[in-house]
Structures are given as C-alpha cells and as structure tokens.
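Below: the structure, in structure tokens.
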Amino acid sequence: MRSGFIAVVGRANAGKSTLVNVLVGEKVAIVSPKPQTTRNTVMGVVNGENYQLVFVDTPGLYKSSTRLGDDMQKATEDAAKDVDFILYVQDGHGGISDGDIELMKRYVTGKIPAAVAYTKIDIMPKERIKDDVQRLYEGGVTCDIFPVSARKGTNISKLKDYLVSVLPEGERVMPDGIVSDRSEKFMIAEIMREKILLKFDDEVPHGIAVVVNKFERDERGVYDINLDIVCEKANHKAILIGKGGSAIKQVSSFAREGMEKFLGAKVFLTTYVRVEEDWRNKPGLIRDLVII
Ligand SMILES: Nc1nc2c(ncn2[C@@H]2O[C@H](COP(=O)(O)OP(=O)(O)OP(=O)(O)O)[C@@H](O)[C@H]2O)c(=O)[nH]1
Ligand SMILES: [Mg+2]
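The working numbering puts the first residue of the sequence shown at 3, with every later residue one more than the last.
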C-alpha cells in the first residue's frame, strides 16, 4: 500500500485546480480563466486498491498587493512544507521565463521529492514541448517533467501511476469515502464565486467573497440556500447588480445550475449583495469572509 500527501503548487492560473479535478475524477476545486481563483488549500483524495493519493490544491503564486494575497501566499508555502511530494504545475502554453525557472527551483529543491507537470499542451505547438523541457533541465530543474493536458486528459494516467510509485509505503491517511476535506457549504460558496469570476471582468471578481447564511434541505430534498456576495466598493455593487437587477439575476441562475449539479438536487437560491470597504486588507474581515 502506498499513500501520502501531494502538494500541487505553481503560478496563479497555471492550471493546478483543473489538474487536481481531473486526477481526482471529481470537481473538488473551482476553475476560472482569471488568476487567483483558488484562495484556500483544498484536498482531493483518490483511492485505489493499493494506494491513496491525497492532493492538496493551493492558491497560485503571484506578487500579492493585499493582505488576503499575502495570507494566500503563506497558505501555499505552508502547504508545501509538510507533504510527501510536490507536484509543480507549469503552464506550458504561456511560455517559460527565467522567472518561472527560478520559482520552480524554490519548490524543486531535493528536500521534498518533486516533479513538474507541464500543462496545457493541447493548445501549444508540439515542437516547443521538447525545447522547453530541455530548457528547464539546463536551467537547473532536477526532477522528472511530465507534459500533460488536463483538459484533454493527455498523459494523466501516466502521471497518476508515477505519483503512486513515488509515494511512501503506508496505510491510508484519509478515511475511506472522503473525496475532499471541504464541506458542501464551502463548495456552494465557491461555485457562486466561480460564476462571478466567469461573468465579470477586471477587478470586480477579485474583491468578492461569498458567505453562506443558510444551507438547509427540506423533506422533499430541495436545498434552501441563502448567501451574501460581499464586494469591496460601492461601484462594484452596482456592477454586480446590473440594470434592474439583470446581472445578479443571470449570474445567480448560472450558479444555481452549478449547485444543483454538484448537490444532485434542486436548489432554491437567494442572494444579497453588500459592501465591505477594502475587506481584503482587513484581517478581521478576511477571517470572517474567507476561511484560509
Ligand atoms: N487548454 C487548456 N486549458 C487549461 C488546462 N488546464 C487548465 N486550463 C485553463 O486554465 C485556466 C486556469 O485554470 P485553473 O485550474 O483555475 O488554474 P489554477 O492554477 O488553479 O489558478 P489559480 O487558482 O488562480 O492559481 C482555466 O481557464 C482552465 O480552463 C489544459 O490542460 N488545457
Ligand atoms: Mg486554482
């Protein structure tokens, strides 16, 4: 039996959460085309007959400009300290800079065994893959490198088999039947945030937090969910609500569909938008609005 924790780290928007979801075979983390989508570490568990992989998805690495951003960076650093293996995710399609190589080497140190998943190969010229891998090795990256596509599933089972083979011998570290360490309520808030990230542009989605006030299931199996969408500026509130409430109505309906899919049941959703000025720089509010 092999089992252990694998921290999945890399730059913001590299494709970490998408890769974790496809490796786990279930959606445990939200995904969006915008950087800084993931704010919390999220575990995704894969059970096999003679193995258990526990992935720890993390907030992406970036130069933060808020207190929340600093906390997220610390959460990633901490998560990468106490694991059996580090899977560093590099966006192949985005091209590799010297800065990428330096950052990668901070996690691929030899202290904790590591590998690189070089992802998004479905949207880049195949000829570049070999050159980039060569560049990483020449730049001093000393671990195995796996070109993959999470979207198309390319090399995913090869990567999974490899991860099983590098984990230590030992019993399961998580109880059977658990796919994530996060609650349904947490995922509901995240699904709302995901749809806001997808629908709104610029700085609006980055200043959003979602707080679930009510999460109840009635005797017919219908979920009654009430949540607050917290934004950091009055003009963001106006954008979120839209003309005559059209924007919030549309995004809520989109989110409700996502929640129904996730819960496998009907959802009755009510939402309320409120402002907490500059909350991303206020530790008390960060604690209340984001569980890091
Ligand atoms: N074409 C393609 N797109 C991908 C692939 N993996 C991820 N993406 C896209 O890349 C974007 C970012 O994906 P995420 O999984 O949210 O990235 P992340 O690294 O978790 O981002 P943060 O949580 O912000 O750090 C999304 O638009 C994904 O759909 C892939 O293998 N191929
Ligand atoms: Mg993510």
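Just so it is clear, CB atoms sit at the ideal spot from N, CA and C, and this is done for glycine as well.
- Label residue 190 either buried or exposed according to how many other C-beta atoms from any shown protein chain fall within 10 Å of its C-beta, with 16 as the threshold for buried. For the purposes of this step, residue 190 is taken as the residue at position 188 of the sequence shown. Looking at its Cβ environment, which holds 16 or more other Cβ atoms inside 10 Å, residue 190 is buried.
Original post:
How big is the Cα-Cα spacing for residue 1 and residue 233?
Top reply: As shown, the chain starts at 3 and ends at 294. That puts residue 1 outside it, with no answer to give.
Worksheet item: Regarding residue 40 and ligand 2, is the C-beta to nearest heavy atom distance less than 7 Å?
Response: If you number the sequence shown from 1, residue 40 lands on position 38. Answer for residue 40: yes, Cβ within range of ligand 2.
>> Could you check whether residue 92 and residue 109 sit closer than 8 Å to each other, using their CB atoms as the reference points?
In response: Locating residue 109 in the sequence shown gives position 107, counting from the first residue. Locating residue 92 in the sequence shown gives position 90, counting from the first residue. Against a cut-off of 8 Å, the Cβ pair of residue 92 and residue 109 comes out as no contact.
- residue 19 - containing alpha helix (DSSP H), residue span: Counting from 1 along the sequence shown, the entry for residue 19 is found at position 17. Per DSSP, residue 19 belongs to the alpha helix (DSSP H) from 18-26.
| message | Closer than 8 Å is the cut-off here; do at least three beta carbon pairs connect the segment 163-177 with the segment 46-61? | response | yes
Item to complete: Flag this pair as touching only if the segment 13-26 and the segment 141-148 have three or more C-beta atom pairs under 8 Å; answer yes or no.
Response: no
Closer than 7 Å: residue 153 CB and nearest ligand 1 heavy atom = As a working mapping, residue 153 is identified with position 151 in the sequence shown. It does: the Cβ of residue 153 is within 7 Å (strictly closer) of some heavy atom of ligand 1.
Run through DSSP, which three-state label would residue 2 get?
Residue 2 falls outside the range modelled here, since the chain spans only 3 to 294, and no answer is possible.
### Message
If contacts are defined as beta-carbon pairs under 8 Å, then residue 34 and residue 59 qualify, I think. What distance do you get, rounded to the angstrom?
### Response
Position 32 of the sequence shown holds residue 34. Position 57 of the sequence shown holds residue 59. Rounded, the Cβ-Cβ distance is 14 Å, inconsistent with contact.
task = Look at residue 231 and residue 42 and say whether their C-beta atoms are less than 8 Å apart.
result = The count along the sequence shown starts at 1 and reaches residue 231 at position 229. The count along the sequence shown starts at 1 and reaches residue 42 at position 40. Taking 8 Å as the Cβ cut-off, residue 231 and residue 42 do not qualify as a contacting pair.
Practice item. Flag this pair as yes or no: are the beta carbons of residue 257 and residue 223 separated by less than 8 Å? Key: Indexing the sequence shown from 1 puts residue 257 at position 255. Indexing the sequence shown from 1 puts residue 223 at position 221. Going by C-beta atoms, residue 257 is not nearer than 8 Å to residue 223.
Quiz prompt | Proximity of residue 7 and residue 135 at Cβ, strictly below 8 Å | solution = The count along the sequence shown starts at 1 and reaches residue 7 at position 5. The count along the sequence shown starts at 1 and reaches residue 135 at position 133. No. Outside cutoff.
Indicate the three-state DSSP secondary structure (helix, strand or coil) for residue 185 in the structure shown.
-> One-based indexing of the sequence shown puts residue 185 at position 183. Residue state, collapsed to three classes: coil.
Starting from residue 78, follow the alpha helix (DSSP H) in both directions and report where the run begins and ends. Within the sequence shown, numbered from 1, the residue matching residue 78 stands at position 76. Looking at the DSSP string, the run of the alpha helix (DSSP H) that includes residue 78 is 69-81.
### Task
Assign residue 147 to one of three DSSP states: helix, strand, or coil.
Taking the sequence shown and counting its residues from 1, the one referred to as residue 147 is at position 145. Three-state result, residue 147: strand.
(Q) In whole angstroms, give me the CA-to-CA distance for residue 78 and residue 159. (A) For the purposes of this step, residue 78 is identified with residue 76 of the sequence shown, where counting begins at 1. For the purposes of this step, residue 159 is identified with residue 157 of the sequence shown, where counting begins at 1. Residue 78 and residue 159: Cα-Cα distance of roughly 25 Å.
Original post:
Measuring from the CB of residue 125, is there a heavy atom of ligand 1 at a distance below 7 Å?
Top reply: Against the sequence shown, residue 125 aligns to sequence position 123. Checking the Cβ of residue 125 against ligand 1 gives yes.
message = According to DSSP, simplified to helix, strand and coil, what is residue 256?
response = Residue 256 sits at position 254 when you count from the first residue of the sequence shown. Helix at residue 256.
Notebook entry, point to check: Sorted by chain position, which residues of the same chain lie with C-beta nearer than 7 Å to residue 243's C-beta, five sequence neighbours on each side aside?
Noted result: One-based indexing of the sequence shown puts residue 243 at position 241. Hits under 7 Å: 249, 250 and 275.
| field | ligand 2 heavy atom lying under 7 Å from the CB of residue 29 | value | On the sequence shown, position 27 is the one that residue 29 refers to. No.
Item to complete: Would you give the residue range spanned by the alpha helix (DSSP H) that residue 218 belongs to?
Response: Translated into positions along the sequence shown, residue 218 becomes position 216. Taken as a continuous stretch (DSSP letters only), residue 218 belongs to no alpha helix (DSSP H), being part of the beta strand (DSSP E) at 211-219.
| query | Taking one C-beta from the segment 169-185 and one from the segment 194-211 each time, how about it: are there three or more such pairs within less than 8 Å? | reply | no
Exposure label - residue 289; buried when at least 16 CB within 10 Å: Walking along the sequence shown from the start, residue 289 turns up at place 287. Its Cβ having fewer than 16 others within 10 Å, residue 289 is exposed.
Practice item. Helix, strand or coil for residue 227, going by three-state DSSP, please let me know. Key: In the sequence shown, counting from the first residue as 1, residue 227 sits at position 225. Strand.
Please state if the CB of residue 46 and the CB of residue 182 are separated by a distance shorter than 8 Å. Against the sequence shown, residue 182 aligns to sequence position 180. Against the sequence shown, residue 46 aligns to sequence position 44. Going by C-beta atoms, residue 182 is nearer than 8 Å to residue 46.
Margin query: Buried or exposed, going by whether 16 or more other CB atoms sit within 10 Å of the CB of residue 272?
Written below: As a working note, residue 272 is residue 270 in the sequence shown. Looking at its Cβ environment, which holds fewer than 16 other Cβ atoms inside 10 Å, residue 272 is exposed.
Run through the DSSP bridge pairs and tell me what residue 49 is partnered with. For the purposes of this step, residue 49 is identified with residue 47 of the sequence shown, where counting begins at 1. Looking at the DSSP assignment, residue 49 forms a beta bridge with 54.
Could you round the C-beta distance between residue 238 and residue 206 to whole angstroms and report it? I think they count as a contact, below 8 Å.
-> One-based indexing of the sequence shown puts residue 238 at position 236. One-based indexing of the sequence shown puts residue 206 at position 204. With 8 Å as the limit, residue 238 and residue 206 qualify as a contact, their Cβ atoms being about 5 Å apart.
**OP:** Report the partner residues of residue 171 according to the DSSP bridge assignment.
**Re:** Position 169 of the sequence shown holds residue 171. Answer is 4.
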